[in-house]
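Residue numbers (my numbering): 25 to 506.
Heads up, the thing below is written out as structure tokens.
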Ligand SMILES: C[S@@+](CC[C@H](N)C(=O)[O-])C[C@H]1O[C@@H](n2cnc3c(N)ncnc32)[C@H](O)[C@@H]1O
């Protein structure tokens, strides 16, 4: 068995490493020799999975950290990594924010982190390099070598040139000009649409593998959010403050919003009944329904009654132990964040697979007068603030932004946004993978990760290329060896 040694730079919570460890090829596999990461919680996660001696916690830009890397990684075969992408991201403000914000981002040191990646590559000279980044990087340009504004160069081309100048081939097999690939993780079996740039480069003078989709049109059908359907129900704690934006709309639609909520819990109780699980939702539903019958026709003190109703709900969720059901490893991060009652009604009212831009558009089939009135943000700016997932499609791109709010990640049936554990499964992390840190730190590690299933395909293609190059795979060796 030949084991290729891997150095994972900007390793985050370990998505890239996990996929490489899963990659499988006859007589050949990977070990992660070192993973380098700055964030303490992510390092803790890495230590748990790779072992504490394999993690270098520190800032890659520091020469002391580089020395540690050089000392412990003398015969590395593969360097993998995705320098932070915030400033390249299509989801970030780099393309749409104010002029001031764009100027600030230009100076952001995260824009040049990739240079340290290549400095380390140049020092270690591994046979293979894999560079991953967000699709938004394609539109990123910087001033050319002479510093003239009209000599702007696409960063991605610069990176390929840089690799070529260091003796690497970036060319992709059967292509004259392609040097990088834009891959959608869903095309490789991940239950999530996530488009990322991958550059594979080697110093063996071989053409690099083109990764062919295995899922999607003409292949296996996409894996969908059904990947999280088997998980126990989780219910959020709910808040209601009279300072909440559009609280007057909630109050004016008192009976309707209460009824929407009670019906949603009733639907979940029916599911519990059908599945035979004993999570307590049936009792919750009955007791909330009793209270609803008592207060639904009240003409005054509506906010007071709503508050009392929500307090009862919060107490019952705890009393009935609903969120403790199967609350053991690895489900310990399968817990919902708190939501306010207005958002809960928007979650329930939005059709699965739809979003706020549709429920606010009068000529859309999904138009909903109540939801339109409840929408609390600037309607001209952020129309798709709320996005509800559906069981029959891959999820939207899981983002590190989930640490701030989960409004773009609404569960298809339950009145809440996705839990970290659900995000982990939609990113194709193994069921028993444990993320360290608090909930927000976990969302960040998960949202930043290369989906292991996609990394596994990339890793497999490198193992295959390596074996062919070394003549271990006789059927291909002649085609690849120059
Ligand atoms: C896009 S994430 C990488 C995700 C990772 N490849 C995975 O698959 O899980 C980028 C990571 O780089 C780390 N980082 C940012 N600046 C760094 C620096 N100067 N030195 C080391 N790590 C850094 C961030 O903490 C973040 O975890």
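Don't be surprised by glycine CBs; every beta carbon is placed ideally from N, CA and C.
I'd like the span of the alpha helix (DSSP H) that includes residue i, first residue to last.
i: residue 296; result: 278 to 299
i: residue 152; result: Run containing residue 152: none in the alpha helix (DSSP H); it sits in the beta strand (DSSP E), 152 to 158.
i: residue 188; result: 179 to 189
i: residue 319; result: 305 to 319
i: residue 139; result: 137 to 148
i: residue 65; result: 64 to 74
Got a sec, what are the start and stop residues for the beta strand (DSSP E) residue i sits in?
i: residue 205; result: 205 to 208
i: residue 40; result: No beta strand (DSSP E) holds residue 40; the alpha helix (DSSP H) holding it covers 39 to 46.
i: residue 32; result: 26 to 33
i: residue 397; result: Note, residue 397: premise wrong, no beta strand (DSSP E); alpha helix (DSSP H) at 393 to 398.
i: residue 53; result: 52 to 61
i: residue 225; result: 219 to 226
Using a threshold of 8 Å, state whether the C-beta atoms of residue i and residue j are closer than that.
i: residue 37; j: residue 316; result: no
i: residue 463; j: residue 361; result: yes
i: residue 152; j: residue 244; result: no
i: residue 41; j: residue 74; result: yes
i: residue 268; j: residue 308; result: no
i: residue 409; j: residue 442; result: no
i: residue 270; j: residue 376; result: no
i: residue 177; j: residue 190; result: no
i: residue 412; j: residue 378; result: yes
i: residue 247; j: residue 206; result: no
i: residue 93; j: residue 144; result: yes
i: residue 251; j: residue 450; result: yes
i: residue 303; j: residue 346; result: yes
i: residue 421; j: residue 239; result: no
To which residues of the same chain is residue i closer than 6 Å at the C-beta, ignoring the five residues directly before and after it?
i: residue 503; result: Below a pLDDT of 50, predicted positions are generally treated as unreliable, and residue 503, at 39, falls in that range; no measurement from the model is reported.
i: residue 500; result: Reliability fails at residue 500, whose pLDDT of 42 lies under 50, so the model's placement of it is uncertain and no value is given.
i: residue 448; result: 470
i: residue 372; result: 284, 288 and 439
i: residue 52; result: 26, 487 and 491
i: residue 325; result: none
i: residue 85; result: 140
i: residue 66; result: 36, 37 and 469
i: residue 102; result: 28, 30, 150 and 152
i: residue 203; result: 184 and 194
i: residue 364; result: 263 and 268
Tell me which same chain residues have a C-beta within less than 7 Å of the C-beta of residue i, skipping the five on either side of it?
i: residue 183; result: 138, 155 and 223
i: residue 24; result: No answer is possible for residue 24: it lies beyond the span of the chain, which begins at 25 and ends at 506.
i: residue 427; result: 464, 467 and 468
i: residue 49; result: 484, 487, 488 and 491
i: residue 396; result: 383 and 384
i: residue 403; result: 384
Spell out whether any CB of chain C is found under 8 Å from the CB atom of residue i.
i: residue 399; result: No chain C is part of this structure, which consists of one protein chain only.
Can you list, in chain order, the residues of its chain whose CB lies under 8 Å from that of residue i, leaving out five sequence neighbours each side?
i: residue 96; result: 57, 58 and 80
Unbroken beta strand (DSSP E) runs of length 3 or more, entirely within the segment 81 to 106: which are they? Counting only unbroken stretches of 3 or more residues, the beta strand (DSSP E) elements lying wholly within the segment 81 to 106 are 102 to 105, in sequence order.
Within the segment 340 to 391, note down every full alpha helix (DSSP H) run reaching 4 residues or more, in order along the chain. Correct list: 365 to 373 and 380 to 383.
Touch test, the segment 348 to 357 against the segment 411 to 423, Cβ-Cβ under 8 Å, three pairs minimum: no
Between the segment 481 to 492 and the segment 70 to 87, are three or more C-beta pairs nearer than 8 Å? no
Does the pairing of the segment 186 to 203 with the segment 226 to 239 give three or more beta-carbon distances under 8 Å? Verdict: yes, contact present.
If contact is defined by three or more beta carbon pairs under 8 Å, each pair taking one atom from either stretch, is the segment 257 to 272 in contact with the segment 337 to 353? yes
Under 8 Å: do the segment 308 to 323 and the segment 284 to 297 share three or more Cβ pairs, one atom per stretch? yes
Which runs of the beta strand (DSSP E), 3 residues or longer, sit entirely within the segment 437 to 498? none
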